[in-house]
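In mature numbering (1 follows the signal peptide of the UniProt record, and there is no 0), the protein residues as written are -25 to -1, 1 to 1028.
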């Protein structure tokens, strides 16, 4: 009886305890343990209040019955602020903190920069015996940390991707994890899974089903390690993976491949997909042997490999194969593969894009594969007409032959018989369009037709065919034509289901074909830029609710922008009317468009008035370009208050007054990244708020009437890449803190800046352009200039610099344009300038500081009649969606004087331009003969100095030079006859020296130079001078002591 009473009492107490636990929520010891973790993960949702239910905390999962913690999601919980971790900066995680969670099954610690796993005694972690899922991705764990996981015998999933595992990683320490089914070791630097310690046994993860080894550095012995055998380099060792269905080894590199003969029901008999992209790069692997080894797979991906096969005969490939998909893009092959491939009788998809195929297509082998559904031969060098045997591929629905040299006009029998085609790309060939399109007259399934960059010819006046297809996307852009103005293809009159039409850059004429929008009410992208369409914008009569992008830029449209444009196109996401002759005001309704990421480009027109207030207030506007119009008045402050606008270009207008002052501290976020207000009539000082825009990438306010000092706040703009304050009235010194690592292009020319450069700019590894021309800077050019390792353009013209040219300039190996003219530099020309390579450099013209895609206009799953595989895998170089780019529009420009004039260089011309101008200084001594090594130089100006000696005959090695000015010096001797070998020389000036003897024969370029190139050389004779060489006295043996110190007139360069 007593025993029974005791049992009742115990049961009651347990009931009370369990009831208390459910009332309070999670266990107190686990709540306390969670709060101890907070110091590392800094989760503000976790509060230290006694009795608070931690099961309701973010990232915490509890068992609904026992209320014990079973899951912790602590991924990416450590906070980052001002480039330092708020919590433990060293990332040492005390794993003993997790021991109180005895029933923990799932733990996510990804993305926390954990550098090491330790416990508070410095020993290895005690096992969490119930843990089944552990995610340690994107931390800083190393090889030694794997040992801390040894006791986790219940794990089913372990992810350690994106850490610092490297070299030989001994994962045999994981052999206790007999239940492990998923192991992710991707994105490390693992070279081998073989333990570096002798005597350890093979891997024993017998239940492993999924292994991710992407993005590592594995060598050729990987497969041997996976199999548990030691015969490295042999695929035979995959016999142990008899249930493997998918193998992905892409991105690694095998140095040797030893094939095995596969058995359909053993070895890799169940393998369905093999991804070996970028694995064989040294030319030792055989494609034939690979296809034999993997003959049982359905799909094999071999992009970006290099094989040693020659495929000289069709008989080389003897495979009884189940392969249906074979993708070899960007692998090195020859044309005979197309003859040999006929043995793969089951093949449905073949992609050979960018494989280096050339010549004409063979007529055997590939044409026998009647199951073909997808064929991609794009981006090769194939030529000639399409063979008639192509018509055998009657099941083909996807054909891409773009980027070759195929020819054809009128009906192609080969194409005409492929009536199941849904997609075809003929782009970048030599087909005559639109005449070739008649080949598709009966293709009722055709949805996508792309024929960019072909030969555009006139059609007959009367249509000769009516299509049975209704296209969804049609691209015909950038075609060549001999016609002055051509008409758009007539078959388009029969289309009523188009979503995309691109007719850009074809010189089509007539009125804007808005009838295409009236006929195709589902149109979403209307792209006709770069043609000769003219007249007014006579929009369709009825709204088109689907249109998202309209690009009519670079045509000959005139008149006003219709006031009803927003009601006709209510869902506009991008409107580009730039480069026309539009007049009138900007329609205010453009500010009422509510589509996300609105792009608006109305630049290079004749628009007048101001910026409509409604447009300035738009919450959708992402990109606004109104450059080079006739807009005037004061800039509305509202435009600078937008929280959505990222890129703003108002340059080239007549805006006046001060740049408005605003308070950006009141905004939760401020998006402006690029701002160009150049070439207006703005005055006053730059407002302080500009220097508080922390995300600012580019600022240009050149050619205004701005004044004041350059403020110190400029030094705190860590994101600034481009700064152009040139052609204003800024004064005072350049801030000494100005050594920002982010600046790439800096233009401060044509101001009134003064002082020295002692502490400015230096130690910047990113500065490409430094333009301080035409200021009042003084002192010496500091030797620290040699620290500007990326500098390509150095312009210090027309200041008051004195002293020698620092030899540290010679360390700037990227330097290609140097202008130190019109200063007071003296002493010798450094001979080490010959070390400069002057190589072309695209960094000189690069201004792409920002890019953002709009995401396209089509919903996921809409592939224009293609399958998802075709759309994402095979479209290659062509995009059939329309993704307007939001990108930086500033253009880097450099003013440089050459050929008797000042030129503005930009784009590709700037990349290739190279020159040295040391004119109008006080340099002495002889011209260094080492300058002969500047083989890439295009302009050299040493005029208006005190140089002596002879003109080096080795100047004949300057094979790219276009302008050579040595005038106004004290040079003596003859003009070297070898200079006549300079066939690119357009301007040559040696006037005002003491040269003697006959002028070189007037051949090649020297036949184009007139008397002005040689005047004021008393002992120089011969044509084009009117002096007979027989009538001259002997020249002096030494040059007279003359000076050009103060002479600055009569400059050629």
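For each residue, glycine too, the CB sits at the ideal point set by N, CA and C. Because the structure is a prediction, the values reported are computed rather than measured.
Beta-carbon proximity check, residue i vs residue j, cutoff 8 Å
| i | j | result |
| --- | --- | --- |
| residue 654 | residue 680 | no |
| residue 485 | residue 512 | no |
| residue 430 | residue 408 | yes |
| residue 906 | residue 925 | no |
| residue 752 | residue 721 | no |
| residue 79 | residue 116 | no |
| residue 1033 | residue 796 | Since the first residue of the chain shown is -25 and the last is 1028, residue 1033 is not available in this structure. |
| residue 345 | residue 367 | yes |
| residue 258 | residue 225 | no |
| residue 340 | residue 361 | no |
| residue 579 | residue 560 | no |
| residue 477 | residue 502 | yes |
Beta-bridge partners of residue i, as assigned by DSSP
| i | result |
| --- | --- |
| residue 249 | 222, 275 |
| residue 450 | 425, 477 |
| residue 461 | 483 |
| residue 110 | 83, 134 |
| residue 994 | 971 |
| residue 650 | 623, 674 |
| residue 699 | 675, 722 |
| residue 164 | 141 |
| residue 919 | Note: residue 919 sits in no beta bridge, so no partner. |
| residue 605 | 583 |
| residue 775 | 753 |
| residue 456 | Partner(s): none; residue 456 has no beta bridge. |
Residue i - DSSP class collapsed to helix/strand/coil
| i | result |
| --- | --- |
| residue 74 | coil |
| residue 384 | coil |
| residue 123 | helix |
| residue 765 | coil |
| residue 430 | strand |
| residue 783 | helix |
| residue 139 | coil |
| residue 205 | Model confidence at residue 205 stands at a pLDDT of 32, short of 50, so the residue's coordinates are unreliable; what they give is reported in the following sentence. Three-state DSSP puts residue 205 in coil, outside helix and strand. |
| residue 1 | coil |
| residue 356 | strand |
| residue 583 | strand |
| residue 31 | helix |
| residue 1029 | Since the first and last residues shown for the chain are -25 and 1028, residue 1029 lies out of range. |
| residue 745 | strand |
| residue 302 | strand |
| residue 241 | Residue confidence is low: residue 241 scores 48 on pLDDT, short of 50, so the model does not pin down where it sits. Its coordinate-derived value is still stated next. Three-state DSSP puts residue 241 in coil, outside helix and strand. |
| residue 117 | coil |
| residue 6 | helix |
| residue 367 | helix |
| residue 932 | helix |
| residue 876 | strand |
| residue 1036 | Since the displayed the chain opens at -25 and closes at 1028, residue 1036 lies outside it and no answer follows. |
| residue 13 | helix |
| residue 172 | Per-residue confidence for residue 172 stands at a pLDDT of 48, beneath the threshold of 50, marking its modelled position as unreliable; the derived number appears in the next sentence. Here residue 172 sits in coil by DSSP. |
| residue 379 | coil |
Residue interval of the beta strand (DSSP E) (run including residue i)
| i | result |
| --- | --- |
| residue 871 | 868 to 873 |
| residue 399 | 398 to 400 |
| residue 799 | 799 to 802 |
| residue 157 | 157 to 159 |
| residue 730 | 727 to 730 |
Terminal residues of the alpha helix (DSSP H) in which residue i lies
| i | result |
| --- | --- |
| residue 265 | 262 to 268 |
| residue 317 | Neither: residue 317 is in no alpha helix (DSSP H) and is coded neither H nor E. |
| residue 884 | 882 to 887 |
| residue 590 | 588 to 591 |
Minimum Cβ-Cβ distance from residue i to chain C less than 8 Å
| i | result |
| --- | --- |
| residue 983 | Of the chains in the structure shown, none is chain C; there is only one protein chain. |
Problem set entry | Ranges of the beta strand (DSSP E) found wholly within the segment 467 to 543, counting only runs of at least 3 | Entirely contained in the segment 467 to 543, the beta strand (DSSP E) runs reaching 3 residues are, in chain order, 475 to 477, 484 to 486, 500 to 502, 507 to 510, 524 to 526, 531 to 535.
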